[in-house]
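There are 2 protein chains.
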Amino acid sequence: MDNISHFRFSRRSMATPRSMIREILKVCEQPDIISFAGGLPSPDFLDTEGIREASDQVLAREGKAALQYSTTEGYRPLREWIAARYEKRLHISVDPDEILITNGSQQTLDLLARIFIDEGDPILIEAPGYLGAIQAFSQYMPVFHAIPLEQDGPDISCLGRVLEETDPKFLYTIPNSQNPSGITYSTERRREISSLLKEHDMLLLEDDAYGEIRFSGARRPSFRNLLPGNQTILLGSFSKIVAPGFRLGWLCAPGEILDKAITAKQASDLHTNIFAQHVLARYLERIDMDSRISSISRAYAEKCSLMLECMDRLFPEGIGYTRPDGGMFIWLTLPEGFSAMELWRRALEKNVAILPGTPFYTDGGGDSGVRLNFSNADAEGIRIGISRLAGVMQEYMDTA
Amino acid sequence: MDNISHFRFSRRSMATPRSMIREILKVCEQPDIISFAGGLPSPDFLDTEGIREASDQVLAREGKAALQYSTTEGYRPLREWIAARYEKRLHISVDPDEILITNGSQQTLDLLARIFIDEGDPILIEAPGYLGAIQAFSQYMPVFHAIPLEQDGPDISCLGRVLEETDPKFLYTIPNSQNPSGITYSTERRREISSLLKEHDMLLLEDDAYGEIRFSGARRPSFRNLLPGNQTILLGSFSKIVAPGFRLGWLCAPGEILDKAITAKQASDLHTNIFAQHVLARYLERIDMDSRISSISRAYAEKCSLMLECMDRLFPEGIGYTRPDGGMFIWLTLPEGFSAMELWRRALEKNVAILPGTPFYTDGGGDSGVRLNFSNADAEGIRIGISRLAGVMQEYMDTA
């Protein structure tokens, strides 16, 4: 019938397999499944009524501007709010003109990869590393060098060695409640990293998606407080503190980098949905963000404690796991010889979804790791799900 | 103070100059300026009240889903609406699963470039060509081959020659009321192009941003009606028919291509703002799109006639221009020896903004061309603006 077109895709596209993650998460959407696999915030904090009021206000007062084309940089009142929040929360002085509004952190990652990475360029990432970053960067075909995470942050001697041996474009990090490990870098480790980076004049990307959501312990300094301003790029997101559905994040960078990012953003999609930017800006005016953050942090701390408590009580000997002081994830380490993919398959048979570790590694490793999300399920889901998972683990270990 | 970082940008990024367009359009934002430079739809058709009702409904009934993470493919009811509209308007049978929702057409262009273009790949575009496409494609460093536009569409013998001599990845076209020229391809020319493309098994990208907005003349067949389904990719947008601020467009392509685009989209920004997708879907349920399209088309036809009439009456001899039967743009051709950049500069002194032609050319040419937008200004603006522009032209020609 039709003559067959042999689509000639780009090498970049041929090199990217259909995402395993997307397939795994699709399965989790089935109704009876208790899912710890995704990275969804709790629905309890999606403030539909508050957003409705803000949205009404926008459409009544500034509707025409909110529905028309707008600037690539983003809505200025939103950029001003972000700058003020940096000042208040981290004592970082940022000009709103250093901020670009993006379609969530994922687009920030894409834009940074686009302006920095040529094929074959070395870049540094944590191991395990954030899979969204691995996906975004992979499209530009870099060579990943993974720095193993320890309790307090990346292995500093490995970082030093890699910086000596390669000449990477940047180090990408999530220093607070890292995704997927749940680890927060210690202040001491941040200082050690900073001296190494200064020595090598190396750029650092600080992705702070979870920095607001802390359960305990002092706030740690941002790398922006430890490194020269022109060595630090900050990435932020409203997904975890307001609503992921808006796809609103940002990039905060020195002017020369921001200029390049704006040009790349314009070529990518002209500008971010300006209606959502207006609604979010009005919403932020109406609420007390500090009190909202406390509520979210308290609720997630309780969920995390509950999950850890169930794990302490029910998991078989030999399963290691992190004890996060913030964020949304716990990282499990299975004993030698056990496979997270196999555990995933077995757990799914009992209607529990987990996320196997391999997509968080750039070298094909990670099959001993599992990421569990604790923010989305409710208390009953956590209790039942962990109990089922413990049973599956026990059976797997008994039959191995 | 700070040690100086020598940012090592990608070659792609170094090759992209700060956009001249963005600079030109920034100037136009000044209050006293009558601007024909942008590509903004008329504010009269931004339906703030209708959108407010749809938005209220979404947040009251399905708010949690509209604020949470969602799927990369896009909101299914919106994809169903698009498929039904293709069927009704163009008798094209499309499965909603062949459709991917994007952040406006600009992102569709980026995704297609990403999955098809390796550095140095030849691609075909009209001359003058849509500057947003030139910007998007340029990020992937292709070699552009420009096919000159004639009254009825691209120069067919040039197209044939280029297809013989090069082996391009695709031909990108805007067959209806092209941006920037305002030209609509004749049915005959579409057939000629289709036979050439079939012969060379060449992919065609049909960008139909303006197809709904027609002033006169029969609808022309889509290339999807003339070419095998696996040789045609359709690009669409809600920017011109509902609201550009939503940044909602789409891609309609054979499954294998769509799969690659979905993977690229996931790496780019996970998914499109789902709140806006819900609001738009509810809005589309509430309105009569055919009657909305008639109103927009009638209003733009009037503005276009008025602009042409003023030009016929006031422009000096020797200025050529197209007479569009749809869309938003008229294309001027200046006589030999006159520069559009110089005209732009002179017009701006009289508070009229135009868009010089060079950014629509991939070879540095086009300085004899000017794009004028007629959809955004009101009747008085068009009368005064064209009269001033005519004066500037006369003076320029008198003193040259």
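Residue numbers (numbering that gives the first Met the number 0), protein chains in the order written: chain W, 0 to 399; chain S, 0 to 399.
Each residue gets a CB set at the ideal place from its N, CA and C atoms; glycine is no exception.
Do the region 202-216 of chain S and the region 55-69 of chain S meet, that is, are 3 or more Cβ pairs less than 8 Å apart? Contact between the region 202-216 of chain S and the region 55-69 of chain S is absent, because fewer than three Cβ pairs lie under 8 Å.
What number of angstroms, rounded off, separates the C-alpha of glutamate 149(W) from the C-alpha of alanine 135(W)? Taking the CA atoms as reference points, glutamate 149(W) sits about 24 Å from alanine 135(W).
Output the distance between the C-alpha atoms of asparagine 178(W) and leucine 110(S), rounded to the nearest integer angstrom. A straight-line Cα-Cα distance of about 27 Å links asparagine 178(W) and leucine 110(S).
Helix, strand or coil, according to DSSP, for serine 54(S) in the structure here? DSSP places serine 54(S) in helix when its eight states are reduced to three.
Less than 8 Å separating the beta-carbons of glycine 159(W) and valine 142(W)? Not a contact, by the Cβ cut-off of 8 Å.
Looking at the secondary structure, which residues open and close the beta strand (DSSP E) in which isoleucine 124(W) lies? Counting along the chain, the beta strand (DSSP E) containing isoleucine 124(W) begins and ends at 121-126.
At least one CB of chain W closer than 8 Å to the CB of serine 267(S): is that the case? True, the Cβ-Cβ gap to chain W drops below 8 Å.
Mapping the DSSP letters down to three states, classify glycine 390(S) as helix, strand or coil. The three-state reading of DSSP puts glycine 390(S) in helix, counting H, G and I together.
Identify each residue in the region 32-58 of chain S for which the Cβ-Cβ distance to at least one residue of chain W is less than 7 Å, and report them in chain order. Residues are counted here when their Cβ sits less than 7 Å from a Cβ of chain W; for the region 32-58 of chain S these are Leu39, Pro42, Leu45, Thr47, Ile50, Arg51, Ser54, Asp55 and Leu58, given in chain order.
Whole alpha helix (DSSP H) runs in the region 128-176 of chain S with 4 or more residues, listed along the chain? Counting only runs of 4 or more residues that sit fully inside the region 128-176 of chain S, the alpha helix (DSSP H) segments are 130-137 and 155-164, in chain order.
Identify every run of the beta strand (DSSP E) within the region 211-256 of chain S, keeping only runs that are complete inside it and at least 3 residues long; order them along the chain. With a minimum length of 3 residues, the continuous beta strand (DSSP E) runs that stay inside the region 211-256 of chain S are 231-236 and 248-251.
Have a look at Gly254(W), Gly216(W), Arg88(W) and Leu195(W) and flag the residue whose alpha-carbon is nearest the alpha-carbon of glutamate 72(W). It is Gly254(W).
Along the beta strand (DSSP E) that carries glutamate 341(W), what are the first and last residues, could you check? For glutamate 341(W), there is no enclosing beta strand (DSSP E); the residue is found in the alpha helix (DSSP H) stretching over 339-348.
Does the distance from the CB of proline 121(S) to the CB of proline 167(S) come in under 8 Å? Using a Cβ distance threshold of 8 Å, proline 121(S) and proline 167(S) count as a contacting pair.
CB contact below 8 Å: isoleucine 353(S) versus chain W: Closer than 8 Å: no.
In this structure, how does DSSP classify glycine 368(S) when only helix, strand and coil are distinguished? Glycine 368(S) carries a strand assignment under DSSP once its states are collapsed to helix, strand and coil.
Check whether the Cβ atoms of lysine 349(S) and arginine 387(S) sit closer than 8 Å, and answer yes or no. Their beta carbons are under 8 Å apart, which means lysine 349(S) touches arginine 387(S) by this criterion.
Residues of chain S with a CB under 8 Å from the CB of aspartate 117(W): which are they? The CB of aspartate 117(W) comes closer than 8 Å to the CB of Ser9, Arg10 and Arg11 in chain S, given here in chain order.
Taking glutamate 97(W) as the reference, give the member of Gly235(W), Gln29(W), Glu301(W) and Ile133(W) with the closest Cα. Of the listed residues, the one whose Cα sits closest to glutamate 97(W) is Gly235(W).
From glutamate 52(W) to glycine 368(W), what distance separates their C-alpha atoms? Their backbone Cα atoms lie some 43 Å apart in a straight line.
Could you give the residue range of the beta strand (DSSP E) that holds phenylalanine 328(S)? 328-332 is the extent of the beta strand (DSSP E) around phenylalanine 328(S).
Out of curiosity, what's the CA-to-CA distance linking arginine 345(W) and valine 391(W)? About 7 Å.
I'd like to know if the region 31-47 of chain S and the region 372-380 of chain S are in contact, where contact means that at least 3 CB-CB pairs between them fall below 8 Å. By the Cβ test, the region 31-47 of chain S is in contact with the region 372-380 of chain S, since at least three Cβ pairs between them sit closer than 8 Å.
In chain W, which residues lie less than 8 Å from glutamine 134(S) when you measure between Cβ atoms? Here the neighbours are Gln265 and Ala266.
Figure out for me which residue from Ala378(S), Pro334(S) and Asn224(S) has the closest Cα to the Cα of leucine 307(S). By alpha-carbon distance to leucine 307(S), the top candidate from Ala378(S), Pro334(S) and Asn224(S) is Ala378(S).
Please list the partners that alanine 65(S) has in chain W, where partner means a Cβ-to-Cβ separation under 7 Å. Ordered by position in chain W, the residues that pass the 7 Å Cβ test against alanine 65(S) are Gly244.
Mind checking methionine 13(W): buried by the 16 CB within 10 Å criterion, or exposed? Of the other Cβ atoms in all chains shown, fewer than 16 fall within 10 Å of the Cβ of methionine 13(W); this residue is therefore exposed.
Mapping DSSP to helix, strand and coil, what is glycine 49(S)? In the structure shown, the three-state DSSP call for glycine 49(S) is helix.
Does any heavy atom of the ligand GTP sit closer than 7 Å to the C-beta of arginine 291(W)? Looking at this structure, you won't find the ligand GTP or any other ligand, since it has none at all.
I need the DSSP call for tyrosine 209(S), collapsed to helix, strand or coil. Residue state, collapsed to three classes: coil.
Proline 30(W): buried (16+ other C-beta within 10 angstroms of its C-beta) or exposed? With fewer than 16 other Cβ atoms within 10 Å, it is exposed.
Glycine 319(W) by DSSP, collapsed to three states: which one? DSSP places glycine 319(W) in the strand class (E or B) of the three-state scheme.
For alanine 145(W) and chain S, any beta-carbon pair shorter than 8 Å? At a cut-off of 8 Å between beta carbons, alanine 145(W) makes no contact with chain S.
Exposed or buried, what is alanine 399(W) when buried is set at 16 or more other beta-carbons lying within 10 Å of its beta-carbon? Counting Cβ neighbours within 10 Å, alanine 399(W) comes out exposed, since fewer than 16 surround it.
Counting only beta-carbon separations shorter than 8 Å, does serine 4(S) have a partner in chain W? With a pLDDT of 44 at serine 4(S), under the threshold of 50, the predicted position of this residue should be treated as unreliable, though the coordinate-derived value follows. When Cβ-Cβ separations below 8 Å define contact, serine 4(S) makes contact with chain W.
Sorted by chain position, which residues of the same chain lie with C-beta nearer than 7 Å to glycine 365(W)'s C-beta, five sequence neighbours on each side aside? Correct list, in chain order: Pro127, Gly356, Thr357 and Phe359.
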